[in-house]
Amino acid sequence: MYECTPEHGDILALSGILDALDEGLLIVSPDNRVVCVNGHLQHLLQIDGNALSGTDADTFVRGTLIPRICEESDGAKVLASLSDCSGAADILCTLRSPGGGEERVRCSCRTVREGPFRGNRIIRLSPNLQAESTADTPVLRGNGRPHDTPAQRRIEEILRESEDRYRFLVENLNEGIGLIDREGVVVFANQRLADISGYPVAEIVGTPVFFFADEEDAGCMRGYLQSLGQNVREVFEFELVHKNGARVHTLMATTPICDADGTCRGFLAGVQEITPLKRMEAQLRESEEKYRSLVELSAEAILIHRDGKIVYINPAGMRLLGASSPGEVLGKAILDIVHPEARGTIEAFTTRDLQGEETPLAELRVVRLDGTTVPIEGRGTRTFLEGRAAVQVVMRDVTHRKHAEEQLQARNRHLLLLNRIIGTSASTHLPGELLETALNQTLDLLGYDGGAIYRIEPGQREITLQCRRNIPDLCLELAGSMLGVSFGDTLATGLPCYLEQDREADSSASRLLRELGLAALACIPLAVESDVVGVLLIGSRDRGYFSPDQCAPLEAVGREIGAGIMRGMLYRRLEAANQE
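Our numbering numbers the first residue of the sequence shown as 1 and each following residue consecutively.
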């Protein structure tokens, strides 16, 4: 029948089974030697297989098998698949017998991947049952065996090419294809469906489709099978249970399959794995939730405007604008909440933001719903809302910072003022120069409108104007009455006095300020030891009162001027003593 080399004794033990097969079988060892030729192949080729065991396989195939294949191209395919140990091929060809007869056979070439026969190659020639079943009129040759007419062979070739194209298309789709009958049993599955489910095709075919789903999705599938008579195509998400137990998210498109009389026999299912898409959707939802939490809980005011209208604002933004609900702000023009002086800047920045350019941090004033303004700093950047470009603005209230900056600047001005007075006092001993410098620096650095300094000579009650600035002549005429009546306590006790607009228009303080054209007036004593030697008058036309922060530097200036006057007096006494 056939012979095997000694190292293939296991195959020899299977000789009875191999000879009983209704298909030809050639086994080639990894070292390219013929291991065995079964009885059916010996019959097809009319050869004696006893002498072939251990011979070179290429010599046998090229010299005996290939010449019997009618189609030269099919013979080349067999040789190519035999040479490529990693390849696999299924070839439909015509085999010529030594007696002149022809038979359509399917030649299958495979390499054993696992087990004791790993590396062996198998060439199997089996009858083409499809061709036999489709032949309408068998034709007998001289040896009495049926064969196809040329027309039938052409039809078979066309059908074979069509089948090959269809199979190539189905097997190479990136979509799982399954054919399920009316009972829910899978009758066909392509390789992609096997890859998605983790089961080999052989295990999928013949298995109810419910086996590959959890209880919920299996119930949905049963409901779909019951509605097949409605001939409805559906697309829905379906969760497959992978062979390893993992859940595989898929998108399934089903098409009912009906026969000629309209009876539904099952359905065709196209299965596309969307697990990566679902994972990205979950990540996107998580990212959106994080972003929403960050924005909603942020202490910074955040708003989004598009087409010039506010379309979103967070709680911090509502507090900044004095709104109690988003509805009070949404839909308002973005320029309505911007101080008129900054609207041109915001329009220019918005254009740049929408183009994706980076704009600088801007400081401006926004208008609250009650009409008051708030200093803010903020920056806009391009974002997308519902697929359209918009501008997201992040801003913060800088009222406290501005106040702190103003306080710091005021303190710096106070220190600078005192330093200049001290410097003048140290560099000159002339009272006039000291008083002139002190008055001008006080008005310039502290921002008041006018003032004057009066001297009172020790032991005398007469006052003398030493210097003035932006004080009307009326002030000079009223100096005596002011210092004697309104500021009498200052002269007597050495305490400062502040005249401010009284709510009562007929009060003496209000009348005096109106006569002077001032809103507030401060009288600061200039003391030398325990004696008041002068007064510093500082007036303001706009400020209606003096705050504690404004009183403190004025009183410090008064003390420093008094100290300068005392130093001048001591210097003059020292000079007089030296002259004596």
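Here a beta-carbon is modelled for each residue, glycine too, at the ideal position from N, C-alpha and C.
For residue j and residue i, the rounded distance between their alpha carbons
i    : j    : result
H147 : Q272 : In this prediction, H147 has a pLDDT of 49, which is less than 50 and means its spatial position is unreliable; what the coordinates show is noted afterwards. Each residue's Cα considered, the two are about 44 Å apart.
L65  : E161 : 24 Å
L361 : S298 : 19 Å
E560 : H400 : 32 Å
R343 : L335 : 6 Å
T345 : G558 : 45 Å
L95  : G223 : 51 Å
A218 : R279 : 23 Å
L303 : G356 : 17 Å
F349 : L495 : 55 Å
R110 : I155 : 28 Å
A80  : P67  : 15 Å
L418 : D549 : 15 Å
V170 : E286 : 37 Å
L574 : A556 : 27 Å
E436 : D542 : 24 Å
T134 : R153 : Its pLDDT being 44, under 50, T134 is placed unreliably by the model, and the measurement read from it follows with that caveat. About 11 Å.
D74  : Q46  : 21 Å
D449 : L443 : 7 Å
T137 : F212 : Bear in mind that the predicted position of T137 carries a pLDDT of just 42, short of 50, making it unreliable; the figure below should be weighed with that in mind. Distance between the alpha carbons of T137 and F212 is about 45 Å.
G380 : Q392 : 5 Å
E433 : E363 : 43 Å
R167 : L354 : 52 Å
G54  : D261 : 60 Å
L173 : E216 : 28 Å
Backbone secondary structure at residue i - three-state DSSP
i    : result
E575 : helix
D397 : strand
A260 : coil
R567 : helix
G423 : helix
T373 : strand
A89  : strand
E163 : helix
D531 : strand
T359 : coil
H249 : strand
L240 : strand
L385 : strand
Q407 : helix
I155 : helix
Cβ shell of residue i (< 7 Å), same chain only, five flanking positions each side left out
i    : result
A323 : V329, L369
R352 : T359
D397 : L320, V374, I376
I456 : I463, V532, V533, G534
D214 : E239, V241
G544 : E500, Q501, A519, A520
G128 : Checking the sequence shown, residue 128 turns out to be Asn, not Gly. Excluding positions up to five away in sequence, the list reads L92, R104, V105, R106.
Contact set for residue i: own chain, Cβ-Cβ below 8 Å, skip 5 residues either direction
i    : result
V186 : G178, L179, I180, I204, V205, G206, T207, P208, V209
Opening and closing residue of the beta strand (DSSP E) in which residue i lies
i    : result
H305 : 301-306
V37  : 34-37
V311 : 309-313
L28  : Checking the displayed sequence, the identity of residue 28 turns out to be Val instead of Leu. Taken as a continuous stretch (DSSP letters only), the beta strand (DSSP E) holding V28 covers 24-28.
S73  : Counting along the chain, S73 falls outside any beta strand (DSSP E), though it belongs to the alpha helix (DSSP H) covering 72-83.
F188 : 186-189
Y454 : 450-456
R468 : 463-469
L125 : 121-127
V105 : 102-111
D181 : 176-181
Y545 : Y545 -> no beta strand (DSSP E), and no H or E assigned at all.
Min CB distance residue i to chain B below 8 Å
i    : result
M221 : Looking for chain B here will not work: only one protein chain is present.
Beta-carbon proximity list for residue i, same chain, < 6 Å, skipping 5 on both sides
i    : result
G119 : P30
T275 : V248, H249
R420 : Q441
N143 : Any reading at N143 needs caution, since the residue's pLDDT is 43, under 50, leaving its predicted position unreliable; the model's value is listed next. So the list reads G99, G101, once near-sequence residues are dropped.
A452 : R468, I471, L537
G24  : H40, L41, L44, L125
D90  : S108
Element boundaries [alpha helix (DSSP H), containing residue i]
i    : result
G432 : 431-446
R222 : 215-226
G623 : This structure cannot speak to residue 623, because the chain is shown only from 1 to 580.
Q283 : 275-297
V201 : 201-204
T59  : 57-60
**Asked** Counting pairs of beta carbons, one from the stretch 308-324 and one from the stretch 371-387, are three or more of them closer than 8 Å?
**Response** Below 8 Å, enough C-beta pairs join the stretch 308-324 and the stretch 371-387 to call them touching: three or more.
**Asked** Is the stretch 237-254 touching the stretch 193-208 in the sense that three or more CB pairs, one from each, lie closer than 8 Å?
**Response** Taking a cut-off of 8 Å on C-beta distances, the stretch 193-208 touches the stretch 237-254, as three or more cross pairs fall below it.
**Request:** Flag this pair as touching only if the stretch 52-69 and the stretch 161-170 have three or more C-beta atom pairs under 8 Å; answer yes or no.
**Result:** Contact fails: fewer than three Cβ-Cβ distances are below 8 Å.
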